[in-house]
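J.: Residue numbers (the numbering used here): 69 to 224.
All C-beta atoms in this analysis are idealised placements derived from N, C-alpha and C, irrespective of residue type, glycine included.
Structure incoming, see below.
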């Protein structure tokens, strides 16, 4: 079991319009390895593993999106070039990425998952959040969450 954590952000623009002014995000930490693989989320590198990186766990995202500053440290098996198109179909909203396989582990303060591979969108910029989607991660782990109690974790 890997514990997750919630963060709430105040949105003054929404508050000024009289709307719900809090944005809630669910986070997990990942490590990556330096062989271009990932693992808090930590990722695998050529020399071992990265420090843990907090990532937004987005149950509405089908794929994982990793900023350049994170994946550039890692061992990556590149598979394709791609352009991510979101809900806004304008060309200026498109995000060019590479798709690659990376090894990673999930961590909390007490535990670490087994190493596993993911296929991820690898951004060519740092101007994007680190987002974990369904594509690989949530197919491997069971998400358990009770926001009222501020409890959440992944089993797998």
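Would residue 189 pass as an interface residue toward chain C - the criterion being a Cβ-Cβ separation below 9 angstroms?
T.: Here chain C cannot be found, since the structure has a single protein chain.
J.: Given a threshold of 16 other Cβ atoms within 10 Å of its Cβ, counted over all protein chains shown, does residue 173 qualify as buried or as exposed?
T.: Here residue 173 refers to the residue found at position 105 of the chain shown. So residue 173 ends up on the buried side.
J.: So residue 187 is in the beta strand (DSSP E); what residue range does that whole segment cover?
T.: The count along the chain shown starts at 1 and reaches residue 187 at position 119. 184–191 is the span of the beta strand (DSSP E), which, as asked, contains residue 187.
J.: For residue 126, which beta-bridge partners are listed by DSSP?
T.: Numbered from its first residue, the chain shown carries residue 126 at position 58. Answer by DSSP bridge pairing: none, since residue 126 is not bridged.
J.: With DSSP as the reference, identify every bridge partner of residue 75, one or two as the case may be.
T.: The residue labelled residue 75 in the question sits at position 7 within the chain shown. In DSSP, residue 75 forms a bridge with 93.
J.: Tell whether a beta-carbon distance below 9 angstroms holds between residue 169 and residue 144.
T.: Here residue 169 is taken as the residue at index 101 of the chain shown, counted from 1. Here residue 144 is taken as the residue at index 76 of the chain shown, counted from 1. It is a contact, given that the beta carbons lie within the stated cut-off.
J.: Provide the residue(s) that pair with residue 145 in DSSP beta bridges, ordered along the chain.
T.: Within the chain shown, residue 145 is the residue found at index 77, counting from 1. The partner list for residue 145 (beta bridge, DSSP) reads 169.
J.: Please report the residue range of the beta strand (DSSP E) in which residue 63 lies.
T.: Since the first residue shown for the chain is 69 and the last is 224, residue 63 is missing from the structure and cannot be characterised.
J.: Using the C-alpha atoms, what's the distance from residue 193 back to residue 113?
T.: Locating residue 113 in the chain shown gives position 45, where the first residue counts as 1. Locating residue 193 in the chain shown gives position 125, where the first residue counts as 1. Using only the alpha carbons, I get a separation of about 19 angstroms.
J.: Quick check: the region 173–186 against the region 151–159, are at least 3 beta-carbon pairs closer than 8 angstroms?
T.: Flag = no, the region 151–159 and the region 173–186 do not touch.
J.: Just verifying my parser: in three-state terms, what is the DSSP assignment at residue 181?
T.: Counting from 1 along the chain shown, the entry for residue 181 is found at position 113. It is coil, neither helix nor strand.
J.: Which residues does DSSP list as the beta-bridge partners of residue 80?
T.: Mapped onto the chain shown, residue 80 falls at position 12. Answer is none; residue 80 lacks a bridge partner.
J.: Write down the C-beta distance between residue 70 and residue 125 rounded to the nearest angstrom, noting that I regard them as a contact closer than 8 angstroms.
T.: Against the chain shown, residue 70 aligns to sequence position 2. Against the chain shown, residue 125 aligns to sequence position 57. So it is not a contact: roughly 11 angstroms between Cβ atoms.
J.: One question on the structure: do residue 92 and residue 221 come within less than 9 angstroms of each other, judged by their Cβ atoms?
T.: Position 24 of the chain shown, counting from 1, holds the residue named residue 92. Position 153 of the chain shown, counting from 1, holds the residue named residue 221. No, Cβ-Cβ distance for residue 92 and residue 221 is not below 9 angstroms.
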